[in-house]
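Each remark here refers to the structure printed beneath this line.
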Amino acid sequence: MARVLVIGYGNPLRSDDGVGLLAVRALREQLAGTDAEFVECQQLNMELAQPISEAEFVVFIDASTHGVPGEIVYEHLKPEAKPIASLSHGADPAVLLQAAHELYGNAPEALLATIAGECFGYGTELTKHVARSMKGVVNRLTEMLGARLACN
Amino acid sequence: MPKLTIEPVTRIEGHAKITLQTNDRGEVQDARFHVTQVRGFEKICDGRPFAEMPALMARICGICPTSHLLASSKACDSIMAVRIPETGEKLRRIMNLAQLVQSHALSFFHLSSPDLLLGMDADPATRNILGLLQRNPAMARDGIRLRQFGQHIIETLGGRRIHPGWIVPGGVSEPLTVARRDEILATIPEAIQILHRSLQWFKANIEKFRTEIRTFANFPTMFMAMTNDEGEFSVYNGWIRIIDSTGGIVADHITGENYQDYIGESVNSDSYLKSTYYKPAGYPDGIYRVGPLARLNMCRTAGTPLADEELAEFRELERHTVLASFYYHYARLIEMLFGVERMQQLLEDPNILSKHVRAFAEPNNFEGVGIVEAPRGTLIHHYKIDEHGLITSANLVIATGHNNLAINKGVLQVARHFVHANKLEEGMLNRVEAVVRAFDPCLSCSTHAAGQMPLAIELRGPDGGLLDTLRRG
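The structure is reproduced here in structure tokens:
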């Protein structure tokens, strides 16, 4: 399993909701050839607990319905045991870390990057603010993960 | 008359609510299961080229897209009047079985096992998948692994886990490679071990649920499922048979050509889900059930050795057909075992690597029907086209619609047994939901609508005033 796991999730047919997927695609290009693995999915589910447990560092990227459009929030995550929806898009990454710990004995260091969306209606394009913020997130994560992957 | 409402119903695929009508003594008099979402795929299809249907129809559902892909492709096969190459058909069957396994694993382990393991009266804060992994991490790992197993096969064959486009009118788009075949075969022993463990666990715990077995939609109905000449468990090829509650054949050799002579659809004013019924008996007397319980009641043999051993034991539960809907859970485990074994048989056939996997043709009929057994039951896609190959009519008969009458009757049975409106308790309401979960209804046919959603039950007096409320989430 790769040392770094990047998970982008959302619905690519719901405009800004797809920003996590698009960010992962950009990061895959930026970090090609490194020991990083990338997952695109429409929702978080329990099956991700296993690959999460096998990574040293996990990054989740999602759209947020809160905040000023384009606002970026980085949050270091800790495992958390709280009621979850097993299928819902709203499944909490912290709960997946908890599941990784409970089931497979390891909850890696993890970061959640969210970008506040403006439009969640039908569409495949990001709005202007969100597209700009996505580039910022990709640049910052490329730098951060690149440095981490360069270390032994 | 006082009314109780359970909204939304949790841990099912989609959005629904339940209303319980009580009398002045607090006893349940009537119950209704309402599906509160509309999808409209039958209308979306109008005017689209028929060849687009499989890809479009797969979008109906994020849990069982493969079933819709298959039924739709079979309807298009019928429009084209093509004969699918033997290997193409076998590959379709493998993907259908992988779909069966991953969907049943989701239903059993993720959605229903919290009730089975933690108990119907457990605190709803822990009665979920997280509670399951804390109480029994080995079982949670098994559930995750089994779902991965099915999804991995779908992804290996179709290129993606959700909405694969590999199944096409005329067959499949690409043949199977040796490497992919071997990759799938290598995972089969572990899946069989998991299912063996799970069946042992379920059978060892059945006694704890005697009351639920007796009251969860346990009544005589007809059953409907696909079968074939050998009377085998069949989810891809064959015809439809309907049996009565003692196993006697009511109707046989129902196909795409005559299904409308036997199956009627009733529109209900309080739900977006149609109720399907056996036409000669009329509505609502023509109640029947589909899905795992119906399939096991229907088949003479599973057709694989381990599943046949389990089927023999299953048959000992009751004298004739198994009527208790609680046993849908048990039937799912046996079906998964069959699915894994059958996939192994199909993959070990040397012909599975043939490059001839697709037939091509223009439309040769103005109408086509595709029927498969989806995880939840019989799925029918029926299309009509014009001279340009554009859809003029699409009729979809979905498994949950077949079960709608039985779900409603089951909710009433459970509510009458457990719910007393003068003293509402969480466990009562969970049992009302749990009978719905036993059928594993797929209401949303989309990816964003399941889980531990807030639940509110309101007790209203004859004047509509709020008497009591119970909330979850």
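Taken in sequence, the protein lines are chains A and B.
With the working numbering applied, the first sequence covers 23 to 174.
With the working numbering applied, the second sequence covers 4 to 476.
Glycine included, every Cβ here is placed at the ideal spot set by N, Cα and C.
Item: Nearest-angstrom beta carbon gap, Glu69 (chain A) and Ile147 (chain B) [assumed within contact, 8 Å]; Value: 6 Å
Item: Per-residue contacts from Val117 (chain A) into chain B (C-beta, under 8 Å); Value: Leu133
Item: Length of the line joining the Cα atoms of Asn411 (chain B) and Thr22 (chain B); Value: 10 Å
Item: Where Pro140 (chain B) meets chain A, residues with beta-carbon distance less than 8 Å; Value: Glu124 and Leu125
Item: CB contact below 9 Å: His451 (chain B) versus chain A; Value: Note on His451 (chain B): pLDDT 25, under 50, position unreliable in the model; no value is reported.
Item: Spatial neighbours of Gly29 (chain B) in its chain, beta-carbon cut-off 7 Å, leaving aside the 5 residues before and after; Value: His423, Ala424 and Asn425
Item: Proximal residues, the region 93-104 of chain A versus chain B, C-beta separation under 8 Å; Value: Ala103 and Lys104
Item: Length at least 4, wholly inside the region 158-229 of chain B: the alpha helix (DSSP H) runs in chain order; Value: 181-208 and 213-218
Item: Bridge-paired residues (DSSP) for Tyr333 (chain B); Value: Paired residue(s): none; Tyr333 (chain B) is not in a bridge.
Item: Where Cys48 (chain B) sits in the DSSP three-state scheme; Value: coil
Item: Where Gly145 (chain A) falls: helix, strand or coil (DSSP); Value: strand
Item: Below-9 Å beta-carbon distance, Ala54 (chain A) vs any chain B residue; Value: no
Item: Option nearest Pro91 (chain A) by Cα separation, candidates A:Thr136, A:Ala122, A:Met166 and A:Ala54; Value: A:Thr136
Item: Chain B within 9 Å of Ala135 (chain A), Cβ atoms only; Value: no
Item: At least 3 beta-carbon pairs within less than 8 Å: the region 339-349 of chain B vs the region 304-317 of chain B; Value: yes
Item: Ser116 (chain B), DSSP secondary structure in three states; Value: helix
Item: Buried versus exposed, by CB contacts within 10 Å (16 or more), Arg36 (chain A); Value: buried
Item: Under 7 Å from the C-beta of Ala143 (chain B): neighbouring residues of chain A; Value: Leu125
Item: Those runs of the beta strand (DSSP E) which lie wholly inside the region 286-369 of chain B and span at least 3 residues; Value: none
Item: Closest residue to Leu99 (chain A) among A:Leu133, A:Ala153 and A:Gln120 (Cα-Cα distance); Value: A:Leu133
Item: Cross-chain neighbours of Ala71 (chain A) in chain B, by beta carbon under 7 Å; Value: Ile147
Item: Cβ separation of Arg25 (chain A) and Leu118 (chain A), assumed to be a contact under 8 Å, to the nearest whole Å; Value: That belief does not hold up - the Cβ atoms of Arg25 (chain A) and Leu118 (chain A) are roughly 18 Å apart, past 8 Å.
Item: Close beta carbons around Gln52 (chain A), own chain, < 6 Å, minus the five adjacent residues each side; Value: Thr164
Item: Whole-angstrom distance between Glu429 (chain B) and Gly173 (chain B), CA atom to CA atom; Value: 51 Å
Item: Residue closest to Gln345 (chain B), alpha-carbon to alpha-carbon, out of B:Tyr281, B:Glu55 and B:Leu100; Value: The sequence as given places Arg at residue 345 (chain B); Gln does not occur at that position. The option with the nearest alpha carbon to Arg345 (chain B) is B:Leu100.
Item: Cβ-based neighbour list, Ala418 (chain B), same chain, cut-off 6 Å, excluding 5 preceding and 5 following; Value: Leu23, Val31, Ala34 and Val435
Item: Pair within 9 Å by beta-carbon distance, Leu160 (chain B) and Leu94 (chain B); Value: yes
Item: Collapsed DSSP secondary structure at Lys100 (chain A) in the structure displayed; Value: coil
Item: Boundaries of the beta strand (DSSP E) in which Lys387 (chain B) is found, first to last residue; Value: Gly380 to Ile388
Item: Glu376 (chain B) in three-state terms, based on DSSP; Value: strand
Item: Helix, strand or coil at Ile63 (chain B) [DSSP, three-state]; Value: coil
Item: Residues of its chain near Ser155 (chain A), where Cβ-Cβ distance is below 7 Å and the 5 sequence neighbours each way are ignored; Value: Gly92, Ile94 and Ile137
Item: Pairwise C-alpha distance: Ala220 (chain B) and Leu276 (chain B); Value: 19 Å
Item: CB contact check: Ala121 (chain A) to chain B, cutoff 9 Å; Value: yes
Item: Delimiting residues of the alpha helix (DSSP H) encompassing Tyr126 (chain A); Value: Pro115 to Tyr126
Item: Reference Ile290 (chain B); option with closest CA among B:Asp273, B:Asn300 and B:Glu268; Value: B:Glu268
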